[in-house]
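Each remark here refers to the structure printed beneath this line.
Chains as they are written, first to last, in our numbering: chain A, 313 to 553; chain B, 69 to 413.
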């Protein structure tokens with residue numbers, strides 16, 4: 313089985329409704345990201361099974377190693393549960409992280425809707441909002457790099473530093489190869505103020521003299537996140553070997 | 069030593085090696101199994117198929133095989149050993165100074181044996197560092213901020229209890245501190261891989277040198293920001309260089325970032341032995357080239373001079389190793405030690 317294929321238990325695929333609901337759950341999970349990598353849990357092959365029993369849904373997921381960070385694992389478990397519970401027909405959702413050093417505690421806590429500090433009372437000093445925010449900023453920069461990397465350059469085109477969001481949107485409608493990276497970037501850009509297309513992760517405009525340094529920053533973040541994701545894929549594949 | 073087709077002799081120092089015991093007999097609990105199995109995943113994932121070991125061999129290989137893999141087959145003139153205790157997972161420890169000293173005993177002139185510290189051990193740990201230093205004479209120590217210790221799941225270098233340890237290192241003349249981040253750190257909400265606490269101690273202890281293992285991977289961007297500001301911060305390339313065959317494109321982009329952010333004078337090759345072995349990495353690295361556009365991006369050429377620095381000269385300078393003496397040592401001959409082992413058996 314390829315790592316990104318979900319195992320379907322033969323017991324549960326006995327009717328068309330169940331099949332359709334599994335597909336719905338899977339679609340919902342396609343929106344859940346590993347915050348550290350800015351890749352979805354489905355694309356990374358983390359989802360190992362989806363089972364349906366009426367309005368009860370069980371999702372099992374596994375990370376590339378037993379020693380992946382507990383905080384990111386917790387965030388993914390919480391997000392998976394929220395995505396499943398948001399489906400109108402779901403009454404309960406059981407999320408199981410398996411093969412992980414903190415699996416038991418995380419699974420119990422997510423079942424009881426505990427916060428991270430409640431889950432690890434002696435071992436955490438704060439909730440994970442700050443961590444999530446830091447990695448959202450990194451994802452923003454990496455997605456910006458993905459756009460800048462494929463934008464046409466040279467000729468009579470103005471420097472990307474001068475582009476507006478509207479111009480970027482127009483260009484993405486005209487050039488199909490830009491559609492996906494631009495959509496991914498603007499999904500995070502929309503939360504920030506102003507009309508300039510390319511800004512810092514804090515929402516600030518980039519002064520012309522600092523454009524080159526900004527390019528370095530976005531590139532460094534993009535390289536780092538891409539290599540991390542690749543590292544995870546390598547370890548996940550080795551785990552199956 | 070590596071010799072190029074043109075006959076250039078290149079000093080090789082493996083800056084990141086271990087001698088561990090990950091056998092089931094040494095597991096204190098199931099974490100012992102999962103920890104070595106995670107390393108095994110790294111071995112399988114990065115090592116070329118024809119170079120892979122068996123899992124049993126990987127769990128325990130012994131000093132002779134290490135000497136062969138490093139000094140006979142692996143081009144290394146010297147190896148730097150980075151111990152870690154992990155006594156919460158392993159009865160006798162995983163890769164302790166004591167265990168590593170077996171390789172040092174076989175080839176004292178080729179092996180640099182570092183100590184280990186855990187700043188959470190208070191005055192008892194300081195006394196142990198003094199005792200270990202008396203016995204082995206360390207130039208450097210390794211610390212592992214994610215190491216479990218009782219109920220603690222790790223710490224940060226900015227924690228108050230770290231300072232007395234760095235002061236003790238200074239007092240003993242131990243000037244090099246290897247910093248290994250992740251994977252779990254107290255508090256668990258904190259990003260365990262965050263390297264920004266290195267900035268704090270590097271500024272407070274400008275006379276110490278801090279080698280960040282794995283170049284802070286998975287936080288290379290943050291590592292470059294810290295190392296770019298702090299001249300006493302070095303990048304240990306273990307794991308980064310392991311990408312060279314499995315994912316050469318990612319290796320190239322990471323190397324460009326590191327050359328730009330840190331420069332060729334503060335990057336130190338390491339195989340992470342025995343997660344993998346140096347031979348195939350060195351072959352690939354010597355053959356690796358950056359084109360003109362990449363070189364512009366990197367701000368430095370990856371020429372023979374830069375390769376010499378990264379593969380050996382930087383580590384030799386950091387540790388005060390005599391390059392000429394190392395390159396003129398007689399070749400390693402394992403037959404004597406193998407014969408004595410067979411006789412003993």
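Even for Gly, the Cβ is constructed at its ideal location relative to N, Cα and C.
What you are looking at is a predicted structure, and each value in this text was computed from that prediction instead of being measured.
Run of the alpha helix (DSSP H) containing residue i, from where it starts to where it stops
{"i": "residue 507(A)", "result": "Where residue 507(A) is concerned, there is no enclosing alpha helix (DSSP H), given that its DSSP letter is neither H nor E."}
{"i": "residue 32(B)", "result": "Chain B is shown only over 69 to 413; residue 32(B) falls outside these bounds and no answer can be derived."}
{"i": "residue 297(B)", "result": "288 to 297"}
{"i": "residue 138(B)", "result": "Segment: none, residue 138(B) is in no alpha helix (DSSP H) and carries neither H nor E."}
{"i": "residue 350(B)", "result": "346 to 355"}
{"i": "residue 396(A)", "result": "382 to 397"}
Neighbour list for residue i in chain A, Cβ cutoff strictly below 7 Å
{"i": "residue 113(B)", "result": "546, 547, 549, 550"}
{"i": "residue 73(B)", "result": "Residues of chain A passing the Cβ test: none, with the nearest at roughly 31 Å."}
{"i": "residue 260(B)", "result": "381"}
Residue burial classification, residue i (beta-carbon count within 10 angstroms, cutoff 16)
{"i": "residue 313(A)", "result": "Its pLDDT being 47, under 50, residue 313(A) is placed unreliably by the model, and the measurement read from it follows with that caveat. Classification for residue 313(A): exposed."}
{"i": "residue 425(A)", "result": "exposed"}
{"i": "residue 367(A)", "result": "exposed"}
{"i": "residue 551(A)", "result": "buried"}
{"i": "residue 374(A)", "result": "buried"}
{"i": "residue 419(A)", "result": "buried"}
{"i": "residue 122(B)", "result": "exposed"}
{"i": "residue 340(B)", "result": "buried"}
{"i": "residue 411(B)", "result": "exposed"}
{"i": "residue 207(B)", "result": "buried"}
{"i": "residue 535(A)", "result": "buried"}
{"i": "residue 199(B)", "result": "exposed"}
{"i": "residue 353(A)", "result": "buried"}
{"i": "residue 538(A)", "result": "buried"}
{"i": "residue 471(A)", "result": "exposed"}
Neighbouring residues, chain A, relative to residue i (Cβ below 8 Å)
{"i": "residue 99(B)", "result": "413"}
{"i": "residue 332(B)", "result": "Those within 8 Å of residue 332(B) in chain A number zero; the least Cβ separation is about 17 Å."}
{"i": "residue 292(B)", "result": "532"}
{"i": "residue 156(B)", "result": "Those do not exist, as residue 156(B) stays about 12 Å from chain A at its closest Cβ, beyond 8 Å."}
DSSP state of residue i mapped onto helix, strand, coil
{"i": "residue 308(B)", "result": "coil"}
{"i": "residue 361(A)", "result": "strand"}
{"i": "residue 86(B)", "result": "coil"}
{"i": "residue 387(B)", "result": "helix"}
{"i": "residue 249(B)", "result": "coil"}
{"i": "residue 220(B)", "result": "strand"}
{"i": "residue 97(B)", "result": "coil"}
{"i": "residue 400(B)", "result": "coil"}
{"i": "residue 149(B)", "result": "strand"}
{"i": "residue 406(B)", "result": "helix"}
{"i": "residue 337(B)", "result": "coil"}
{"i": "residue 373(A)", "result": "strand"}
{"i": "residue 12(B)", "result": "The requested residue 12(B) is not part of the displayed model; chain B covers only 69 to 413."}
{"i": "residue 471(A)", "result": "coil"}
{"i": "residue 105(B)", "result": "helix"}
{"i": "residue 208(B)", "result": "strand"}
{"i": "residue 242(B)", "result": "coil"}
{"i": "residue 500(A)", "result": "helix"}
{"i": "residue 418(B)", "result": "Absent from the model: residue 418(B). The displayed extent of chain B is 69 to 413, so no value can be given."}
{"i": "residue 319(B)", "result": "helix"}
{"i": "residue 377(B)", "result": "helix"}
Residues that residue i contacts on chain B, provided the C-beta gap is smaller than 7 Å
{"i": "residue 542(A)", "result": "315, 318"}
{"i": "residue 377(A)", "result": "106, 109"}
{"i": "residue 360(A)", "result": "Residues of chain B passing the Cβ test: none, with the nearest at roughly 17 Å."}
Residue i versus the options, residue with shortest Cα-Cα distance
{"i": "residue 233(B)", "options": "295(B), 210(B), 384(B)", "result": "210(B)"}
{"i": "residue 179(B)", "options": "322(B), 149(B), 384(B), 396(B)", "result": "149(B)"}
{"i": "residue 194(B)", "options": "72(B), 230(B), 161(B)", "result": "230(B)"}
{"i": "residue 118(B)", "options": "262(B), 324(B), 163(B), 345(B)", "result": "345(B)"}
{"i": "residue 396(A)", "options": "372(A), 512(A), 348(A), 452(A)", "result": "372(A)"}
{"i": "residue 220(B)", "options": "485(A), 451(A), 437(A), 347(A)", "result": "437(A)"}
{"i": "residue 224(B)", "options": "186(B), 113(B), 374(B)", "result": "186(B)"}
{"i": "residue 403(A)", "options": "379(A), 490(A), 333(A), 537(A)", "result": "333(A)"}
{"i": "residue 97(B)", "options": "284(B), 381(B), 159(B)", "result": "159(B)"}
{"i": "residue 161(B)", "options": "144(B), 249(B), 128(B), 141(B)", "result": "128(B)"}
{"i": "residue 389(A)", "options": "400(A), 428(A), 523(A)", "result": "428(A)"}
{"i": "residue 277(B)", "options": "335(B), 192(B), 323(B), 326(B)", "result": "335(B)"}
{"i": "residue 377(A)", "options": "103(B), 268(B), 357(B), 364(B)", "result": "103(B)"}
Proximal chain B residues relative to residue i, where beta-carbon distance stays under 8 Å
{"i": "residue 420(A)", "result": "Here the premise fails: no neighbours, minimum Cβ distance about 15 Å."}
{"i": "residue 440(A)", "result": "257"}
{"i": "residue 446(A)", "result": "259"}
Span of the beta strand (DSSP E) around residue i
{"i": "residue 447(A)", "result": "Per DSSP, residue 447(A) belongs to no beta strand (DSSP E); it is in the alpha helix (DSSP H), 441 to 462."}
{"i": "residue 404(A)", "result": "404 to 410"}
Chain B contact residues for residue i, given Cβ-Cβ distances below 9 Å
{"i": "residue 443(A)", "result": "257, 258, 259"}
Listed by chain order, chain A residues near residue i by CB distance under 9 Å
{"i": "residue 288(B)", "result": "532, 535, 536, 539, 540"}
{"i": "residue 322(B)", "result": "535, 536, 539"}
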